[in-house]
Every structure is written in structure tokens, then in C-alpha cells.
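Accompanying notes for the structure given below.
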Amino acid sequence: MRKMLRQSLEWLLPWIIGVGLIWFVVTPGDAAESVPAEDAAAAVTSGEANGDAPASLYDLANLPRKLRKVVFRAATYGKRREPQKAVDLLTGHLRDHPDQDHYLLRLHLAQNLADLDETALAREHYRRSVQLEPDLDRGWLGLADTSYDLEDFELAGDAFVQGYRTSPEHPSQVLYFAGAAYLMGNETERAVDVFTELTSGDAGFPQLPWYRGLVIAAARLGRPERADAAVARMVDTFAEEPDAWYLKYQHEAGKKNYREAAVSLRFVGFLRELTPAETQQLGDLYVVLGVPWLASRQYAAALGDSARAEEWERLGSALVAAHETDAALDVLNEALAAEESPRLWALLGDIHYLRQEYAQAREAFARIADRDESGRALLMEGYC
147 MRKMLRQSLE WLLPWIIGVG LIWFVVTPGD AAESVPAEDA AAAVTSGEAN GDAPASLYDL
207 ANLPRKLRKV VFRAATYGKR REPQKAVDLL TGHLRDHPDQ DHYLLRLHLA QNLADLDETA
267 LAREHYRRSV QLEPDLDRGW LGLADTSYDL EDFELAGDAF VQGYRTSPEH PSQVLYFAGA
327 AYLMGNETER AVDVFTELTS GDAGFPQLPW YRGLVIAAAR LGRPERADAA VARMVDTFAE
387 EPDAWYLKYQ HEAGKKNYRE AAVSLRFVGF LRELTPAETQ QLGDLYVVLG VPWLASRQYA
447 AALGDSARAE EWERLGSALV AAHETDAALD VLNEALAAEE SPRLWALLGD IHYLRQEYAQ
507 AREAFARIAD RDESGRALLM EGYC
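Position in the sequence shown (from 1) plus 146 gives the number in the numbering used here.
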């Protein structure tokens, strides 16, 4: 899960923890040539040089002139991939000028520390940046990422939520990361709340992984019914997606609603071929529902060239329950011809005993009497 989340975060990295949050390029032909580079950079980023929107939280123009120079130089070091120089510069300035503590200084310091793999220290500066400016979405996302790296999943989830709330774009994927982090930290109630919001449509068009997160979280909480409404919307929206119907099967099976689970798994089979394991799962559902004949058909279809004794036993038992003892005997004899199995010999003996074929039953039980520690085979041999 951790690797998955880290990979998913890659699209955010350029603006969460990328080196040098704001890059400035001032060439000799620029209109800002006659002013100091850091002032030109601030003018460009604040919109003063191009008539863009007013200054944002990330504009260097928000900084006092001396601090602006320091942060600009740190950004330049970051651009040159010299994060240690940036860290030394920023920490030195903060030490010498504690009255100039600023969220942008902390943000740049955290980013460069993260690039030096100083994750724990980077996290503290991300934390300080959002204390100084609670609407700093990139600070929240950096805090989330570093907390996740440190396996503080509850804090990571909280920070992802705040990053989502404070970001002007409200990227829904960030809210998904929050739900995943809460799941990792066993904060299941909060995970349910996050995934419920995601699947409601308020955060954009819902995606199947969001529904999967809700089903998992609700099941872990012991309240699978909290995903009912979302799952119903999911199969309406993704009616032709086998993954949606498979998730509904898992949801219904978790609620012990085996009829709906079987129907959902059958829909999966209509949309794509079931795997042998899924086919066996469908057979198991039919057994629970009391239709062993249908179960036997699924078990037979699931058998492969290297079927295990347990799979043959499952098929044989379903055939017996369906009153197809002739077919059950054929199946067991075929299986025993391929591989000896005490469990299959015992089932074969039981079937012959049920059919009052005592000689054949005695022979089957005798084959395993000396290997049966429970003594049942020896007892049944005596009965025959």
C-alpha cells in the first residue's frame, strides 16, 4: 500500500516537495533588467510585471526585502540542486533573525530538507509553515507526505484533508490519499467519512478505487451497510464494468447476503470470464444457498490440470448433496487414480456406505485405516 501511495503522489511532487517551489529566470533582455533579480522575481510572481491576478500566498513580494533576498537565493540553490546550501542559508537566517520567521521561509526550508532525506526535520518545518499560514495548501501536502513516510498515518490523513480543503483546485486524488492514509492508520471511522464524501460526487466524478476504499473501510468498521448507498450508485454508473460488480459481490458477501453476492458474481461472469478461483467462489455461494447441483457445475468448471485433493473433495461432496452419487463416484475414482488422498478415500467409503455397497465401502476404509489417527476409518471398516 505504501508503495502504491508513493507512486500515486508523483504527479503532486513538482509542487508539494519539489526543490525550489518557485523558479525565477531573468535574462538580460527582460524588462526587469534594471532592478535586482530578487525584486524582478517577486514582481513576476506577484503579477505586477504582467497584470495577472493579485499576489498569492506564494509570492515573494509578500516578504520583507531582506528576507525576500534570502528566500530567492535559497530557491536558486534549489534549482542548482544544491539543497544543503539552501538549508544552511535559511537556517542561518532564521537563527540570526528569529523575528523574520515566515511561512515561505519554512516551506522552502522543509522542501530542501526533504530533498536531503531529512524527513523528520522537514516535517517539523512543514508543520511550522501551516501554523504560520493555515491556508498554505502546499505546506499541508508536504506535511502529509513526510508524515506518511514516517508512518504517522493519522497525521498524514489529517494533513491530506487540509491540503484538499485549502487547495484552490480541490484535487480529489488528495482526498483519496487521506482515506488511504486513515486506512493504513486504522482510523476506519474517518476513512469511511472521507470515502463517503468522495463517492457522493461532491469531489468530482467518482472512481472505482474510491468505492473500493469505502467498502474496505466500512467492513473494517463492522458497519458494511454504510457503503450500501454508494455501492448501489456504483453499479448504476459502472454497469458494464466487471470490477464494479466484483466489488459489489465482495460487499454483499461481507454482509452475508449470499444471494446478492452470487448474482453479482454471475454478472462478473457475463462481462468477462471468471478465473478458476472466482468460479470456485461462486460454487461456494451456491452451496450456502442450498443449490448443490449448481455448485457442482461451478466446481467442475474450476478444476484445472493440477487440481488439489480439496478441490476434488469439494466437487464430490456437492454431487452427493445433489443426489448424483454415480457422478460423485466417477469423480473420486478419477481423482484417486491421479493421486492418493486419505480424505478422498474416506469420502469414497462414505458414498459406498450410503449406497449400501458395503464391500466397496470396507475396501475404501481399509486403504486408510492405518493412517487415520482419529480411528474413524477403522470403525467404519468394522461397520461394513
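Note that CB positions come from ideal geometry on N, CA and C, so glycine has one too. Values in this document were obtained by computation on a predicted structure and should not be read as measured data.
Simplified DSSP state of residue i, which is helix, strand or coil
i	result
GLU409	Before going further, note that residue 409 is Val rather than Glu in the sequence given. DSSP places VAL409 in helix when its eight states are reduced to three.
ASN332	coil
GLU509	helix
ASP516	helix
SER452	coil
ARG274	helix
ARG489	helix
GLN502	coil
THR345	helix
ALA446	helix
SER463	helix
HIS254	helix
GLY457	According to the sequence provided, residue 457 is Glu. The question's Gly does not apply to it. DSSP places GLU457 in helix when its eight states are reduced to three.
LEU494	helix
GLY429	helix
VAL437	coil
ASP261	helix
GLU470	coil
ASP205	coil
ALA484	helix
GLU194	Any answer about GLU194 is weak, because its pLDDT of 32 lies below 50 and its placement is not dependable; what the coordinates show is given next. GLU194 falls in the coil class under three-state DSSP.
GLY325	helix
GLY521	coil
TYR529	helix
Check: residue i C-beta below 6 angstroms from any heavy atom of the ligand GDP
i	result
ARG219	Of the ligands one can find in the structure shown there are none, so the ligand GDP has no counterpart to examine.
Inter-residue CB distance, residue i and residue j (contact presumed, cutoff 8 angstroms)
i	j	result
HIS254	ALA232	7 angstroms
ARG309	ALA290	A small correction: the amino acid at residue 309 is Gly; Arg does not occupy that position in the sequence shown. About 6 angstroms; that satisfies the 8 angstroms criterion.
ALA448	GLY429	7 angstroms
GLY450	PRO422	6 angstroms
LEU420	TYR432	About 13 angstroms separates the two Cβ atoms, so there is no contact after all.
GLU264	LEU203	So it is not a contact: roughly 24 angstroms between Cβ atoms.
ILE514	ALA492	6 angstroms
ARG358	LEU301	Not confirmed; about 24 angstroms, so no contact.
VAL377	HIS397	5 angstroms
LEU235	ALA220	5 angstroms
VAL338	ALA363	5 angstroms
SER442	LEU465	5 angstroms
VAL455	ARG489	Residue 455 is actually Ala in this sequence, not Val. The Cβ separation is near 6 angstroms, so the contact holds.
VAL307	LEU321	7 angstroms
THR312	ASP283	4 angstroms
ASP389	LEU354	6 angstroms
TYR499	MET526	7 angstroms
THR334	ARG366	5 angstroms
Residue i versus the options, residue with shortest Cα-Cα distance
i	options	result
ASP374	ARG241, GLU386, LYS215, SER346	SER346
VAL340	PHE323, GLY331, PHE351, GLN353	PHE323
LEU475	GLU456, ASP496, TYR294, SER487	ASP496
GLU387	ARG369, GLY415, ILE362, GLU371	GLY415
MET330	TYR294, LEU213, GLU228	TYR294
VAL216	LEU440, LEU490, TYR204, HIS239	HIS239
ALA207	PRO244, LEU236, HIS248	HIS248
GLU270	GLY288, GLU480, ARG418	GLY288
ASP261	ASP389, SER313, HIS243, LYS225	LYS225
LEU344	ALA365, GLU486, PRO317	PRO317
ARG405	GLN353, GLU459, LEU435	LEU435
ALA385	ARG372, ILE362, SER410	SER410
GLU111	GLN444, GLN319, TYR499	The structure shown does not extend to residue 111, since the chain spans only 147 to 530, so no value can be given for it.
GLU228	ARG517, GLN277, ASN258	ASN258
CYS530	PRO352, GLN506, LEU417, SER520	GLN506
ARG211	TYR223, GLN246, ASP242, THR222	GLN246
GLN230	ASP242, PRO352, ALA256	ALA256
ARG252	ARG241, ARG274, ASP281	ARG274
GLN128	THR222, ARG418, GLU371, LEU250	Given that the chain is displayed from residue 147 to residue 530, the structure contains no residue 128 and the question cannot be resolved.
HIS469	ASN332, LEU494, PRO438	PRO438
Exercise. Unbroken alpha helix (DSSP H) runs of length 4 or more, entirely within the segment 214-247: which are they?
Worked result: Runs found: 229-242.
For this session: Could I get the ranges of all uninterrupted beta strand (DSSP E) runs contained in the segment 347-426, with 3 residues as the minimum, in chain order?
Result: For the segment 347-426, not a single whole beta strand (DSSP E) run of length 3 or above is found.
For this session: Report the residue ranges of all alpha helix (DSSP H) runs contained in full by the segment 276-323; include only those spanning at least 4 residues, in chain order.
Result: The DSSP assignment places 283-295, 299-312 as complete runs of the alpha helix (DSSP H) inside the segment 276-323, in order along the chain (cut-off: 4 residues).
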